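Structure first, then comments.
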Amino acid sequence: MRKKGLALLAVAGSLAFGVAACGDDDDDGTASGSTTEQSSDGGDISGSIAIDGSSTVAPFAEAAAELFNEEYPDVKITVGTSGTGGGFEKFCAGETDISTASRPIDEEEEVPVCEQGGVKYTEIVVANDGIAVATNKDLAVDCMTVEQLKQLWNKGSKITKLSEIDPSFPDTELSLYGPGTDSGTFDFFTDQINGEEGVSREDYEASEDDNQLVTGVEGDDGGLGYFGFSYYEGAQDQLNLVGVDAGGGCVKPSTETIQDGSYKPLSRPLFVYPKADAVTRPEVKAFLDYTVENAAAIAEAAKIVPLTEEQVGTAKEELATAESGS
Amino acid sequence: MADHTAAASEGAMGRRTSLVRRPSRRSRFEAGVKALLFAAAAVSVAVTLAIIFSLVKETIAFFGDVSVGDYLFGTKWTPQFAGDQQSFGVIPLVWGTFYLTFIGLVVAVPVGILSGIYLAEFAPRRIRKIVKPVLELLAGVPTIVFGYFALTFFTPEVLRNFLGLGVNQFNALSAGIILGILVVPTIATLVEDAMSAVPQSLREGAAGLGANKVQTAIRVVFPAALSGVVAALVLGASRAVGETVIILIAGGQQANLSLNLYESYQSMAAYIAATARGDIPTGSIEYETIFIVGMTLFVLTLVLNLISIRLVRKYRQVYE
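Residue numbers (the numbering used here), protein chains in the order written: chain A, 1 to 326; chain B, 1001 to 1320.
Now the structure itself:
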């Protein structure tokens, strides 16, 4: 599908941007280097960029927009949080320029919609994320296996206390929190834990707003929930982090275990999908260049797990090919 | 030529005598004002009709996919799930709405009526001067402020720490009580107005028969103002039924069919708000649920208002 996007770009014939992209790419990649170069060739860029999609990627996109605006104050960037599915819905209808996603675009359900809408795109990994399973401070659980999580969260589950799963777990009445069904976090968790995307017990408090989930887990004695790791980090003093055992021993999510993928199966890359038509616009191109170039700094500002060196290299390549349109 | 003289004489006559009715500048101005006033009134009618139309359209589409019986009598509301987990029984939402409204009214009715009576009959002028503006201020507080007040102060500090109740972070008790507080000014102000409108002669008559102040207020003035009081209650209930933000923030988002005050509930209005936040594709069945729930809420509020009109007529007493 990436090839198709590039074909369209070639038609668009944005040779100038291709050259510029190559220039950026050849640059050694330090943030300061790219900054000077960009402001020299386009400090007067203006326009607007519509971004929508995953609520997990939103902090990253917002931080990117904020930092980018320090250099290009005339570019208006809106960041929506419709969820990954909702974001693609708008993206494929041509309403947004960049879609953010916490999972790859769905080959069967979403790709055809985009094709129908004539929207071509490129996929770029911009950060890493893990889903944290967390409980209230008073609900002392150190580690759960994937199987135990499945018992708790699977469709039709009647578990009301963790002690029903394992007698060594606390005997507190649970109150469960999780993301809404449009969220990429929900899709990813249900896919990895329950074995099928979208299958889950229904009687839990669902919200697209991860902060509301954190508030709930933090406040209820039997609070247990799952949400993006960055939201856990923001409230880690008030929450108890549960490690996950996928068969190879208990691993707690952290920057390192999420980056290297050892926190299984709940770590994942985060994506942005720029629309091919939009990449030809100078403001979008500048924004993407900036984002990839400064991905680590943005991730840090957004309290999200940054890319490894190797991933940054791949992202740059993806972007360069998208921009050169070849 | 004849035309010319006729026009001239008409002009002169129009100014001097009122026997011949001619559109003068003044009457034309009045007609313009009338048309303007009519247009203003027509706007609200037109908007109401447009709302009904938009609701009906999606309602019909919705009932193309889901049977009326499944919707009205189903006890499981999980439209956002897929496959066989999807269920469209609206009863939990209706229940959540009325349960929270009920809790709110348990707080608002006594507090509202008693403070209305106090303000109308007993309060010294100095106290009235302070209490009334404060009540009006309370009525003007945005509901989102009430919502976060319930979530971040009332639930943890008052219910949990002070009263020691084991409520969930999102629970019916907190949302319901704060909902009641929201409605208090509505009820209090209307009750006070209704009682103040009772003619002074009734109070004088009661005093002449030897009734003291409390007896006069409770046995004479209050019954005389009953139609206004009933209107106040129904208006308060309507306000609570349609209230969205407090429940969305403090009451939780779980369609729940139980009696437990400590658990989280979802009301119809809160469901609409939570679902319409931009996550769902236009035209999907989830999208249609927003409208069908809106339609249900619309019909229920309409019924409530009709009841109130009935009751007000029934208890109305007219004094000279």
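Glycine included, every Cβ here is placed at the ideal spot set by N, Cα and C.
Predicted model, so just to flag it, every value in this text is computed and none were measured.
Cβ-Cβ separation, residue j to residue i (assumed contact under 8 Å), whole Å
i         : j         : result
Phe1170/B : Gly1252/B : 3 Å
Ser1196/B : Ala1120/B : 5 Å
Val1107/B : Gly1180/B : 3 Å
Gly225/A  : Tyr177/A  : 3 Å
Asp209/A  : Gly228/A  : About 11 Å separates the two Cβ atoms, so there is no contact after all.
Gln1085/B : Lys155/A  : 6 Å
Leu139/A  : Gly223/A  : 7 Å
Ala1217/B : Leu1202/B : Contact doesn't hold; Cβ gap of about 11 Å is too wide.
Ala63/A   : Ala286/A  : 16 Å between Cβ atoms; not a contact.
Thr1301/B : Ile1290/B : That pair is no contact at about 16 Å.
Residue i and residue j closer than 8 Å at C-beta
i         : j         : result
Val242/A  : Val126/A  : no
Gly1096/B : Ser1087/B : no
Ala320/A  : Pro306/A  : no
Ser343/A  : Asp171/A  : No answer is possible for residue 343/A: it lies beyond the span of chain A, which begins at 1 and ends at 326.
Asp1070/B : Gly1083/B : no
Tyr1323/B : Ala1041/B : Residue 1323/B lies beyond the range of chain B shown here (1001 to 1320); nothing can be said about it.
Val1229/B : Val1191/B : yes
Gly47/A   : Val75/A   : yes
Thr100/A  : Ala276/A  : no
Gly1210/B : Ile1103/B : no
Pro282/A  : Ile98/A   : no
Ser1308/B : Ala1231/B : yes
Val292/A  : Ile77/A   : no
Arg1239/B : Thr1296/B : no
Leu266/A  : Gln192/A  : yes
Val141/A  : Phe186/A  : no
Asn1168/B : Ser175/A  : yes
Val279/A  : Ala322/A  : yes
Gly1321/B : Leu1105/B : Only positions 1001 to 1320 of chain B appear in the structure, and residue 1321/B is not among them; the question remains open.
Gly219/A  : Pro1156/B : yes
Ile1249/B : Tyr1315/B : no
Buried versus exposed, by CB contacts within 10 Å (16 or more), residue i
i         : result
Cys92/A   : buried
Ser1054/B : exposed
Glu1030/B : exposed
Thr181/A  : buried
Val11/A   : Residue confidence for Val11/A is low, a pLDDT of 41 falling below 50, so the modelled location carries little weight; the figure read from the coordinates is stated next. It counts as exposed.
Asn1161/B : exposed
Ala132/A  : buried
Ile1060/B : exposed
Lys158/A  : exposed
Pro1092/B : buried
Asn1260/B : exposed
Ile1117/B : buried
Thr36/A   : No answer about Thr36/A holds up, because its pLDDT of 39 lies below 50 and its placement is not dependable.
Ile298/A  : buried
Val1094/B : buried
Glu205/A  : buried
Ile194/A  : A quick correction: the sequence has Asn, not Ile, at residue 194/A. Under this definition Asn194/A is a buried residue.
Arg1277/B : buried
Cys114/A  : buried
Ser40/A   : Low confidence applies to Ser40/A: its pLDDT is 42, below 50, so where it sits in the model is not reliable enough to give any reading.
Gly313/A  : exposed
Asn347/A  : The requested residue 347/A is not part of the displayed model; chain A covers only 1 to 326.
7 Å Cβ cut-off: residues of chain B touching residue i
i        : result
Ser207/A : Gln1253
Asp220/A : Asn1168 and Gln1169
Lys155/A : Gln1085
Gly216/A : Gln1169 and Phe1170
Thr291/A : In chain order: nothing, as chain B lies at least about 23 Å away.
Leu181/A : The amino acid occupying residue 181/A in the given sequence is Thr; Leu does not appear at that position. Gln1080 and Phe1081, listed in chain order.
Chain-ordered chain A contacts of residue i [CB-CB under 7 Å]
i         : result
Ala1082/B : Gly198
Arg1277/B : Glu208
Thr1078/B : Glu202
Ser1264/B : Glu205
Beta-carbon neighbours of residue i, restricted to chain A and to distances below 9 Å
i         : result
Pro1156/B : Gly219
Thr1244/B : Near Thr1244/B there are no residues of chain A at all, since even the closest Cβ is about 15 Å away, more than 9 Å.
Neighbour list for residue i in chain B, Cβ cutoff strictly below 9 Å
i        : result
Glu62/A  : Neighbours of Glu62/A on chain B: none; closest Cβ ~16 Å, over 9 Å.
Ser175/A : Asn1168, Gln1169, Phe1170, Glu1263 and Ser1264
Proximal chain A residues relative to residue i, where beta-carbon distance stays under 8 Å
i         : result
Ser1267/B : The premise fails here: Ser1267/B is roughly 15 Å from chain A at the closest Cβ pair, so nothing lies under 8 Å.
| Any 3 or more C-beta pairs closer than 8 Å across the segment 1232 to 1246 of chain B and the segment 1134 to 1144 of chain B | Judged by Cβ distances under 8 Å, the segment 1232 to 1246 of chain B makes contact with the segment 1134 to 1144 of chain B, as three or more pairs qualify.
| said: Between the segment 46 to 62 of chain A and the segment 83 to 90 of chain A, can you find at least three pairs of beta-carbon atoms closer than 8 Å? | reply: The segment 83 to 90 of chain A, when compared against the segment 46 to 62 of chain A, does touch it at the 8 Å Cβ threshold.
| Three or more C-beta pairs below 8 Å linking the segment 231 to 241 of chain A and the segment 145 to 152 of chain A | No contact exists between the segment 231 to 241 of chain A and the segment 145 to 152 of chain A.
| Is it a yes or a no for the segment 1255 to 1267 of chain B touching the segment 1022 to 1042 of chain B, going by three-plus beta-carbon pairs under 8 Å? | Counting C-beta pairs with one atom in each stretch, the segment 1255 to 1267 of chain B and the segment 1022 to 1042 of chain B have fewer than three that are closer than 8 Å, which means they do not touch.
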